[in-house]
Amino acid sequence: MAHAAPAPKAPSGPPLPLLDRDLSILAFNERVLSWAERKDVPLLERLRYLCIVSSNLDEWFEVRCAPHVSAAKAGDERGTYTAASFAALMAQAQALVAHQYQLYNQALIPAFHAHGIRLISHGERNAAQRRWVHEYFLREVQPLLVPVGLDPSHPFPQVANKALNFIVRLDGVDAFGRANEVAIVKVPRALPRLIALPQKIAGKERLFVSISSIVRAHLAELFPGREVAEFSQFRVTRNSDLAVDEEDVSNLRMALRQGLHHRHYGQAVRLEVSASCSPVLASLLLEQHGLPPQALFRVKGPVNLVRQMQLVSLVDDPALLFSPWKPAWPRQLVAGRSVMAQMRKGDVLIHQPFEDFDAVLELLREAVNDPQVLAIKQTIYRTGADSEIMRLLAEAVSRGKEVLAVLELKARFDEEANINWAEQLESLGVQVVYGVVGLKTHAKMLLITRRDKRTGQLQRYGHLSTGNYNARSARLYTDLSHLTCDAA
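Quick note, the sequence shown lines up with residues 2 to 489 if you use the numbering used here.
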């Protein structure tokens with residue numbers, strides 16, 4: 002009778018010195034933030050690094066923190082996620098955020114002032130500037146705002162993930178005799194977060210106002226007959242990890258589309274408020290969103306630093322940016338000649354971003370326009386909103402070629418864009434598949450099948466690389482592209 006082999010014994014000795022994954026992510030973002038501190042980095046680029054950290058933190062909270070929050074609320078001290086581990090994570094995150102805002106207020110804002118670029122508050126605006134801002138509020142902002150006074154018939158409204166909101170405590174009664182003590186004002190995402198003042202009232206400086214300061218300055222006009230006793234901006238971050246069991250659904254695309262709606266109103270994992278927010282209002286917000294006190298972040302500035310990235314395009318000063326990088330044409334290729342013909346002479350290795358990713362796009366353009374090309378197969382992960390690659394695949398179908406797109410629907414936070422691309426491509430005749438169940442397809446793979454006019458034989462041309470077929474990110478990140486028609 003056969004006996005099962007004994008289970009292997011656990012190795013003796015001290016535990017392996019492994020880093021905590023979540024603490025490691027926070028430490029990485031500290032290193033990114035260090036670039037925002039460097040005075041040898043152009044000013045707008047320093048701001049960009051600061052905003053990148055905020056964007057990374059948003060994603061970290063959205064994807065990584067829900068189990069920690071649940072453990073903290075339950076007081077769980079056993080298992081992978083515990084109340085103690087959550088407290089340690091939040092302490093590290095609080096320190097990182099405090100560092101961010103200290104850098105924003107004490108280094109970047111004064112540096113922008115030195116360049117005549119100012120984000121001015123209501124108290125800093127002169128009479129002409131206040132008139133212009135007030136007119137802007139009446140024309141562009143107030144019609145989109147819907148204040149909600151909290152009472153039994155108006156419970157606390159659902160606030161969307163990462164949206165800007167205000168909580169307001171009121172004194173007095175309204176026109177209907179209601180004495181709602183607290184109101185919520187949601188600021189629509191459609192409104193720009195930074196607005197440039199016209200030069201005629203800005204003078205020699207470049208002046209900007211935030212949508213938050215505009216709403217804040219005119220809150221009283223939203224509550225006629227009431228007195229605004231106190232207020233705070235706030236922002237709630239929610240769990241946005243889409244959990245779909247691919248083996249248990251008949252239509253992955255439909256399941257993901259249904260899940261996208263819930264992402265906007267998932268479990269709350271973080272609450273950001275103004276540093277001046279009273280304990281009473283902060284406690285109310287924590288209670289309404291089922292959050293422990295450690296998830297409260299008081300910030301000295303805008304609750305969403307990511308939106309400050311708009312200043313880069315609004316200022317548009319080349320002197321405050323890195324010099325644009327112009328990649329060289331790949332050394333192994335001759336510009337203007339057929340890429341496929343050159344591949345037949347030998348493999349090509351392209352080092353991006355030092356060498357131009359456009360050579361890969363040129364290969365696809367050539368394949369689309371070549372009547373000898375019979376089929377194109379390609380992986381799609383993230384392509385960007387305005388994708389030449391998608392247009393080329395659609396054109397290839399219109400020219401009678403067989404086109405297959407392996408489209409990764411689970412590209413985090415690009416799921417909706419990829420679902421829309423899938424539907425568009427299918428409607429045009431592209432065969433769309435979604436990769437391997439249980440695995441994520443995050444690679445660049447292109448296979449072109451062409452019939453050689455001289456020999457009549459089929460020949461395949463391939464491109465292999467990592468990452469995404471995204472021309473913009475290809476200018477930023479290092480990667481190697483391998484072009485080959487070697488069947489071996």
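Glycine included, each C-beta is placed from N, C-alpha and C at the ideal position.
Distance from the CA of Leu139 to the CA of Trp133, rounded to the nearest whole angstrom, comes to 10 Å. In the three-state DSSP reduction, His483 falls in the strand class (E or B). Out of Thr479, Gly291, Leu426, Ala269, the CA that lies nearest to the CA of Ala67 is found in Ala269. Asn166: member of the beta strand (DSSP E) spanning 165 to 172, first to last residue. Between the stretch 397 to 406 and the stretch 363 to 374 there are three or more C-beta pairs closer than 8 Å, enough to call the two in contact. Between Val361 and His464, the C-beta gap is smaller than 8 Å, which places the two residues in contact.
Taken in chain order, the unbroken stretches of alpha helix (DSSP H) that lie wholly in the stretch 255 to 319 and span 4 residues or more are 280 to 289, 311 to 316. Within the stretch 308 to 379, the complete beta strand (DSSP E) segments at least 3 residues long are 349 to 353, listed from N- to C-terminus.
Between the stretch 47 to 62 and the stretch 15 to 34 there are three or more inter-stretch CB-CB distances shorter than 8 Å, so the stretches are counted as touching. The three-state reading of DSSP puts Ser466 in strand, counting E and B together. Following the DSSP letters along the chain, one finds Leu104 inside the alpha helix (DSSP H) bounded by residues 84 to 104.
Each residue's CA atom was taken as its position, placing Gln333 and Phe298 some 53 Å apart.
In the three-state DSSP reduction, Arg126 falls in the coil class, being neither helix nor strand. The C-beta distance from Tyr470 to Pro354 rounds to 15 Å, too long to meet the 8 Å contact threshold. For Gln458, the three-state secondary structure derived from DSSP is coil.
Straight across, the Cα-Cα distance linking Asp480 with Met446 is about 14 Å. About 6 Å separates the beta carbons of Lys187 and Ala164, which is inside the 8 Å limit, making them a contact pair. A Cβ-Cβ separation of about 6 Å places Ser122 in contact with Ser214 under the 8 Å criterion. Nearest Cα to Arg227 within the set Ala423, Leu405, Val174: Val174. Relative to Leu198, the option among Val349, Arg236, Arg119 whose CA is nearest is Arg119. C-alpha of Leu429 to C-alpha of Arg392: approximately 11 Å in a straight line.
In the three-state scheme derived from DSSP, where H, G and I count as helix and E and B as strand, Leu198 is classed as coil. Across the set Ala191, Arg190, Arg308, Leu171, the C-alpha of Leu171 shows the shortest separation from the C-alpha of Glu182.
As the crow flies, the alpha-carbon of Ala72 is around 6 Å from that of Tyr82. For the pair Arg308 and Leu459, the Cα-to-Cα distance works out to about 51 Å. In the DSSP annotation of this structure, Leu58 is not part of any beta strand (DSSP E); the continuous alpha helix (DSSP H) holding it starts and ends at 44 to 65.
In the DSSP assignment, Ala406 forms a beta bridge with Gln379, Val433. A distance below 7 Å between beta-carbons, with the five flanking residues on each side excluded, links Val42 to the following residues of its chain, in chain order: Trp36. Within the same chain, Cβ atoms closer than 7 Å to the Cβ of Leu448 are found at Lys378, Arg461, Gly463, the five residues on either side in sequence being excluded. Contact annotation: the stretch 80 to 99 does not touch the stretch 142 to 149, with fewer than three C-beta pairs closer than 8 Å. Following the DSSP letters along the chain, one finds Ala444 in no alpha helix (DSSP H) but inside the beta strand (DSSP E) bounded by residues 444 to 452.
Annotation for Ala37: no beta strand (DSSP E) segment contains it, though the alpha helix (DSSP H) segment containing it runs 22 to 38. Exclusion of the five residues before and after Gly117 leaves Lys205, Glu206, Arg207 as the residues of its chain whose Cβ lies within less than 8 Å of its Cβ. Inclusion of Leu315 and Tyr105 in the CB contact set at 8 Å is not warranted, their separation being larger than that value.
Ranked by Cα distance from Leu287, the first of Val70, Leu20, Arg190, Ser25 is Val70. Under the three-state reduction of DSSP output, His155 falls in the strand class.
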